[in-house]
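Numbering (the numbering used here), first residue to last: 390 to 603.
Beta carbons are placed, not taken as given, at the ideal position from N, Cα and C, and that holds for glycine.
Heads up: the structure comes next, in structure tokens.
This is the structure we're talking about:
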């Protein structure tokens with residue numbers, strides 16, 4: 390499979406890139422700063438690109454079997470979280486122009502439902518510093534949910550995600566967080582990446598959101 394990965398140098402994107410290459414896929418890494426991606430592989434092409442430049446993005450992803458969107462605007466004061474929505478709209482337009490049907494978007498966990506009709510981002514327990522960014526990610530999900538042509542998937546991580554082991558052992562869910570026996574929702578970047586490539590190889594969640602946890 391030939392996979393284009395937008396944001397391939399980030400915490401999640403770099404793991405997805407590594408996982409895809411380890412399974413023998415061809416990868417085009419589309420990054421803002423190619424120097425930040427230190428991976429080297431004969432099946433890897435690294436190119437500088439801007440996800441908001443729809444025409445350029447379409448040219449870069451043309452001929453690929455799938456696009457993975459692992460874009461992050463960053464977190465903190467002064468960050469324009471609306472870029473998540475602009476990128477989602479740009480990617481959808483670019484994919485259609487390039488004739489690429491399959492798009493998998495690395496999303497946020499704030500839109501997961503913790504009670505009937507209640508999303509995590511709307512609860513008092515949700516960290517205030519993350520609320521604006523999580524709300525923007527929720528809006529991105531809504532953008533994809535309105536899309537009827539592309540075979541999109543929105544992948545919400547567990548509430549806690551970070552560096553760890555690649556175990557290949559995890560559970561998947563749809564709109565509710567996957568909790569362990571201690572009531573915790575967590576996953577490693579490495580296992581999250583495993584699930585991304587699993588979904589591209591054997592799709593289970595076309596035009597759906599899904600999530601992950603141990």
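For residue i, the three-state DSSP class (helix, strand or coil)
i	result
residue 562	strand
residue 499	coil
residue 508	strand
residue 513	coil
residue 530	helix
residue 555	coil
residue 415	strand
residue 488	coil
residue 595	coil
residue 588	helix
residue 391	strand
Residue i and residue j closer than 8 angstroms at C-beta
i	j	result
residue 405	residue 582	yes
residue 394	residue 457	yes
residue 446	residue 455	no
residue 399	residue 419	no
residue 539	residue 485	yes
residue 491	residue 543	no
residue 408	residue 586	yes
residue 566	residue 600	yes
residue 584	residue 548	no
residue 611	residue 460	Examination of residue 611 is not possible in this model, given that the chain is present from 390 through 603 alone.
Supposed contact pair residue j and residue i - C-beta distance, whole angstroms, cut 8 angstroms
i	j	result
residue 564	residue 501	6 angstroms
residue 496	residue 526	5 angstroms
residue 392	residue 453	6 angstroms
residue 529	residue 473	5 angstroms
residue 417	residue 436	6 angstroms
residue 575	residue 557	About 16 angstroms separates the two Cβ atoms, so there is no contact after all.
Cβ-based burial, residue i [other Cβ within 10 Å; buried from 16]
i	result
residue 546	buried
residue 504	exposed
residue 499	buried
residue 531	exposed
Contiguous beta strand (DSSP E) assignments of at least 3 residues, all confined to the segment 428 to 459: Runs found: 433 to 437 and 455 to 458.
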